[in-house]
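Student: For reference, each letter of the sequence shown is one residue, going 13 to 368 in our numbering.
Ideal Cβ placement from N, Cα and C applies to all residues, glycine included.
It should be emphasised that the depicted structure is a prediction, and the values quoted were computed from it without experimental measurement.
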Amino acid sequence: MSFFSTTEKAFGLDISDKTLRLIQLVKNGKKIKIKHFNEITLPTDCVVNGEIKKIEPFVESLKKLIKTRIGRGTISNEVVAVLPEAETFLKTLYIAAEDEISLQDKIKEEIKLHLPLDIEEIYYDWQLVEKINGIYTIILGASPKKIVDSYIEALEAANLIPVVIEIEAAAISHLLIDFNQDQQTQIVIDIGANRTGLFLYDRGMIKFTVSLPISGKELDNIIAESLDLEIDKAEEAKITFGLDANQANGALFEVLTPTIEELVQQIKLAIEFYYENFNDTRLIEQIVLCGGGANFINIENILSQKLKIKVLKSQPFKKLINPDPKFFTESKSQSFITAIGLALRGLASETFYDYH
């Protein structure tokens, strides 16, 4: 089993701290449509910061997710699952080596320099991007064995065959970049319920990823505490009024502005890191927001004004057939970005990375 090797028609499984989401895609001529889909809420503390803490209720929830899926026909028992962003490492490396045999040893040396864990404690994959004048450009992906093994154990306990264990940034890029043939240099920001990830995409590869100190849950808590609202009402207000200064007397705009300013500064640091640490940099043409936490009004306009860069929300169904517009509303669709990206990976037939 590899992080990135795949077989055809495996379904995508997005695992977060609160929710399981399932998507299976099918090719219909030149078009791709959703065959099966579902989501289910996990028991409290079943998954914490991406780590499965209670395997039995997790497996029962996963079986229920599959059994109650929406869609006709049977579903594959092969699955493409996502690793928690907080427990993964993805980095572009430039390595001088005489040939690919010596490159293998050099990669192991680089792992010791860049990762806080011993090489015996991790699984890692790498992709060769290019070789110029004896310099190999590779993308290195890694995750602790204990995390990967726990995911495999849970999936197999649910009678599933894990054919791909995918890094989240790569899963998102399958849909938003590769599938949409959008090869601009751009930043993607995935705002989840409990954490937010930023990754920069350039010349056909993810250059780096970074976690940001903001989440949908944090925004809801700020609104709830500042405006004395119940947490569900705070989330509803965020989605309805968002960063529109003309809505709700500008109350939410005022409350959320300090957090958004912090987000802006973190994005600026990521942009500076790109320009200062990579060769042959190009102008960052746009920022794409995705994830359930991106579901609030005017955030793209505020960020665009402050960063002087085009900012837009992702379009999960730009080239996919939406099987149920009532279910996959504009806001709901954002929450399924990762699951759809994983399912697209399940349709692929080639091997993306070598496994080590």
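Rounded to a whole number of angstroms, what is the C-alpha to C-alpha distance between residue 240 and residue 42?
Tutor: Looking up residue 240 in the sequence shown gives position 228. Looking up residue 42 in the sequence shown gives position 30. Between residue 240 and residue 42, the C-alpha separation is close to 51 Å.
Student: If we count the other Cβ atoms within 10 Å of its Cβ and call it buried at 16 or more, is residue 39 buried or exposed?
Tutor: Along the sequence shown, read from residue 1 onward, the residue named residue 39 stands at position 27. Exposed, since its Cβ has fewer than 16 Cβ neighbours within 10 Å.
Student: Which residue's Cα is closest to the Cα of residue 73: 58, 205, 225?
Tutor: As a first step, residue 73 must be located in the sequence shown, where it is residue number 61. Nearest option by C-alpha distance: 58.
Student: Taking the alpha-carbon of residue 348 as reference, which of 23, 30, 182, 34 has the nearest alpha-carbon?
Tutor: Along the sequence shown, read from residue 1 onward, the residue named residue 348 stands at position 336. Residue 34 is the option with its Cα nearest to residue 348.
Student: Roughly how far, in whole angstroms, is the beta-carbon of residue 105 from the beta-carbon of residue 153, given that I think they are within contact range, below 8 Å?
Tutor: As a first step, residue 105 must be located in the sequence shown, where it is residue number 93. As a first step, residue 153 must be located in the sequence shown, where it is residue number 141. Not quite, the Cβ-Cβ distance comes to about 11 Å (not below 8 Å), so this is no contact.
Student: Could you tell me the alpha carbon to alpha carbon distance between residue 343 and residue 246, rounded to whole angstroms?
Tutor: Against the sequence shown, residue 343 aligns to sequence position 331. Against the sequence shown, residue 246 aligns to sequence position 234. Looking at the two C-alpha atoms, the distance is approximately 16 Å.
Student: Below 8 Å, can you find three or more Cβ-Cβ pairs linking the segment 161 to 169 to the segment 262 to 269?
Tutor: The answer is no - the segment 262 to 269 does not touch the segment 161 to 169, with fewer than three Cβ pairs under 8 Å.
Student: Residue 209: which of 232, 25, 190, 179 sits nearest, CA to CA?
Tutor: Numbered from 1 along the sequence shown, position 197 holds the residue referred to as residue 209. Nearest option by C-alpha distance: 179.
Student: Quick one: complete alpha helix (DSSP H) runs, 4+ long, within the segment 207 to 274?
Tutor: Fully enclosed alpha helix (DSSP H) runs of 4 or longer: 228 to 239, 243 to 253.
Student: Please say whether residue 249 and residue 235 have beta carbons closer to each other than 8 Å?
Tutor: Locating residue 235 in the sequence shown gives position 223, where the first residue counts as 1. Locating residue 249 in the sequence shown gives position 237, where the first residue counts as 1. In this structure, residue 249 lies closer than 8 Å to residue 235 by Cβ.
Student: On the DSSP bridge list, what partners appear for residue 40?
Tutor: The sequence position of residue 40 within the sequence shown is 28, counting from 1. Paired residues: 43.
Student: Among 341, 70, 285, whose alpha-carbon lies nearest the alpha-carbon of residue 329?
Tutor: Position 317 of the sequence shown, counted from the first residue, corresponds to residue 329. Residue 341 is the option with its Cα nearest to residue 329.
Student: Which runs of the beta strand (DSSP E) at least 3 residues long sit entirely within the segment 48 to 81? Give them in chain order.
Tutor: Fully enclosed beta strand (DSSP E) runs of 3 or longer: not present.
Student: What is the C-beta distance between residue 275 and residue 309, in whole angstroms, given that I count them as a contact (C-beta under 8 Å)?
Tutor: Position 263 of the sequence shown, counted from the start, is the residue given in the question as residue 275. Position 297 of the sequence shown, counted from the start, is the residue given in the question as residue 309. That pair is no contact at about 16 Å.
Student: Does DSSP put residue 285 in a helix, a strand or coil?
Tutor: As a working note, residue 285 is residue 273 in the sequence shown. Correct three-state label for residue 285: helix.
Student: Go ahead and pull the three-state DSSP assignment for residue 350.
Tutor: Looking up residue 350 in the sequence shown gives position 338. Helix, per DSSP.
Student: For residue 198, which residues of its own chain have a beta-carbon under 7 Å away from its beta-carbon, when the five flanking residues on both sides are left out?
Tutor: As a position in the sequence shown, residue 198 is number 186, starting the count at 1. Excluding residues within five positions, the ones whose Cβ falls inside 7 Å are 213, 296, 297, 298, 299, 300.
Student: Within a Cβ cutoff of 6 Å, which residues of the same chain sit near residue 366, ignoring the five residues on either side of it in sequence?
Tutor: Your numbering for residue 366 matches position 354 in the sequence shown. Confidence is the limiting factor: at residue 366 the pLDDT is only 32, short of 50, which leaves the residue's position unreliable, though a coordinate-based value still follows. Answer for residue 366: no residue qualifies.
Student: Would residue 314 be called buried (16 or more neighbouring beta carbons within 10 Å of its own) or exposed?
Tutor: Within the sequence shown, numbered from 1, the residue matching residue 314 stands at position 302. Buried, because 16 or more other Cβ atoms sit within 10 Å of the Cβ of residue 314.
Student: Taking residue 177 as the reference, give the member of 97, 270, 317 with the closest Cα.
Tutor: Position 165 of the sequence shown, counted from the start, is the residue given in the question as residue 177. Ranking 97, 270, 317 by Cα distance to residue 177 puts 97 first.
Student: Quick check on residue 185: does DSSP put it in helix, strand or coil?
Tutor: As a working mapping, residue 185 is identified with position 173 in the sequence shown. Correct three-state label for residue 185: helix.
Student: Determine which residues share a DSSP beta bridge with residue 195 and list them.
Tutor: Locating residue 195 in the sequence shown gives position 183, counting from the first residue. The partner list for residue 195 (beta bridge, DSSP) is empty, contrary to what the question assumes.
Student: Would you call residue 85 buried or exposed, if buried means 16 or more other Cβ atoms sit within 10 Å of its Cβ?
Tutor: Here residue 85 corresponds to residue number 73 of the sequence shown, with the count starting at 1. The residue is exposed, with fewer than 16 neighbouring Cβ atoms inside 10 Å.
Student: Rounding to the nearest angstrom, what Cα-Cα distance links residue 204 and residue 110 in this structure?
Tutor: Residue numbering aside, residue 204 sits at position 192 when the sequence shown is read from its first letter. Residue numbering aside, residue 110 sits at position 98 when the sequence shown is read from its first letter. Cα to Cα, the separation comes out at about 42 Å.
Student: Does DSSP put residue 87 in a helix, a strand or coil?
Tutor: Translated into the one-based positions of the sequence shown, residue 87 becomes position 75. In this structure, residue 87 counts as coil in the three-state DSSP scheme.
Student: Can you tell which of 70, 138, 151 has the C-alpha that lies nearest to the C-alpha of residue 31?
Tutor: Locating residue 31 in the sequence shown gives position 19, where the first residue counts as 1. Residue 70 is the option with its Cα nearest to residue 31.
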